[in-house]
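Take a look at the structure below.
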């Protein structure tokens with residue numbers, strides 16, 4: 002049985018999130034060794050309950066192995082934190098998904114990525130701006146990250162494709178359960194040579210509230226910065242921006258983009274006007290650490 006089967010089996014065990022997964026890895030060294038551990042040894046690991054230990058000990062490996070094989074047959078790859086192809090930026094966050102299911106592929110160029118997010122019901126102004134930002138940044142070598150939702154996410158992916166660039170769609174559902182259904186064709190277009198469609202959830206998982214919230218940290222974690230175009234005060238876009246701040250990523254907000262962007266600007270987000278986009282300034286902000294390290298190397 003392949004190591005990836007053990008990774009998938011452990012990552013999909015109910016009750017095991019990234020932090021519990023990390024605790025198990027710190028204790029036992031590998032997913033394979035986790036499944037060889039006794040009930041008592043498992044229970045001694047922080048966050049591992051009696052129910053989780055029982056689930057680990059009763060895992061149906063044949064079922065998981067068949068699922069991994071079926072995914073591969075359908076062109077869906079499995080990436081683990083141990084894989085060289087796992088995104089470098091995402092690996093830096095404290096709660097990176099142990100396993101990613103992916104259609105398409107990551108490329109080295111994706112280390113220069115920016116997330117563009119916003120409301121599911123953007124204004125005409127917001128749609129024009131989101132598409133302009135995505136196209137302009139993709140033409141300048143940035144991969145555009147968003148969540149494949151209706152509204153601004155869809156606009157961001159389309160803008161990247163307009164710019165002949167790459168885009169990454171982060172799902173809040175399983176890789177075999179694209180939502181919204183109207184974006185299945187967009188997901189296919191992204192996966193077929195224009196980037197990647199990814200999920201950390203069970204391949205058939207629905208887009209539940211907790212899944213969508215968890216998705217936000219991956220969206221920001223894949224990017225150097227997050228641009229919020231239009232957002233309400235209580236929204237997934239604001240959650241993505243707050244996750245970005247915790248991850249030490251840049252946060253940008255468009256002026257007059259709603260109560261959510263106003264709040265971000267009031268708390269220190271880099272702001273700009275919709276009718277005065279200076280791409281050179283945005284790029285410089287996104288690459289500031291890279292520029293600073295280059296300057297230091299010249300001293």
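Residue numbers (the working numbering): 2 to 300. Backbone N, C-alpha and C fix where the C-beta goes; we use that ideal spot for every residue, glycine too.
| field | Length of the line joining the Cα atoms of residue 173 and residue 205 | value | Using only the alpha carbons, I get a separation of about 11 Å.
| Skipping 5 residues on each side, what residues in its chain have a beta carbon closer than 7 Å to that of residue 21? | Hits under 7 Å: 48 and 49.
| Per DSSP, residue 147 forms a beta bridge with which residues? | DSSP, once it has assigned bridges, lists 170 as partnering residue 147.
| query | Beta carbon of residue 244, beta carbon of residue 217: below 8 Å? | reply | It is a contact, given that the beta carbons lie within the stated cut-off.
| request: Please report how far the alpha carbon of residue 13 lies from the alpha carbon of residue 51, in whole angstroms. | output: C-alpha separation (whole angstroms): 17 Å.
| task | Report yes or no: do three or more beta-carbon pairs, one from the stretch 126-142 and one from the stretch 154-168, lie closer than 8 Å? | result | Yes, since at least three Cβ pairs between the stretch 126-142 and the stretch 154-168 fall closer than 8 Å, the two stretches touch.
| request: Mind reading off the beta-carbon distance from residue 274 to residue 256? Whole number of angstroms is fine, and I expect it under 8 Å. | output: The C-beta distance from residue 274 to residue 256 rounds to 5 Å, short enough to meet the 8 Å contact threshold.
| query | So residue 84 packs on residue 118, CB below 8 Å; how close in whole Å? | reply | Not a contact, Cβ separation roughly 27 Å.
| task | Starting from the Cα of residue 135, find the closest Cα among 152, 116, 149 and 148 and give me that residue. | result | Comparing Cα-Cα distances from residue 135 to each of 152, 116, 149 and 148, the minimum goes to 116.
| request: Determine the closest residue to residue 233 out of 101, 148 and 122, with distance taken between C-alpha atoms. | output: That would be 122, whose Cα lies nearest to the Cα of residue 233.
| task | May I have the straight-line CA-CA distance separating residue 146 from residue 5, to the nearest angstrom? | result | Across the structure, residue 146 and residue 5 are spaced so that their CA atoms are roughly 26 Å apart.
| Among 271, 44, 53 and 201, which residue has its Cα nearest to the Cα of residue 101? | For residue 101, the closest of 271, 44, 53 and 201 by C-alpha to C-alpha distance is 201.
| field | Whole-number beta carbon distance between residue 60 and residue 36, since they are thought to touch under 8 Å | value | Indeed, because the Cβ distance is near 6 Å, the residues count as touching under 8 Å.
| Environment of residue 242 [buried if 16+ CB atoms lie within 10 Å] | Under the 10 Å beta carbon count, residue 242 is surrounded by 16 or more other beta carbons and is classified as buried.
| Taking Cβ to Cβ, would you say residue 226 is nearer than 8 Å to residue 250? | Yes, the Cβ-Cβ distance between residue 226 and residue 250 is below 8 Å.
| message | I'd like to know whether the C-beta atoms of residue 15 and residue 65 end up nearer to each other than 8 Å. | response | With contacts defined by Cβ atoms closer than 8 Å, residue 15 and residue 65 do not form a contacting pair.
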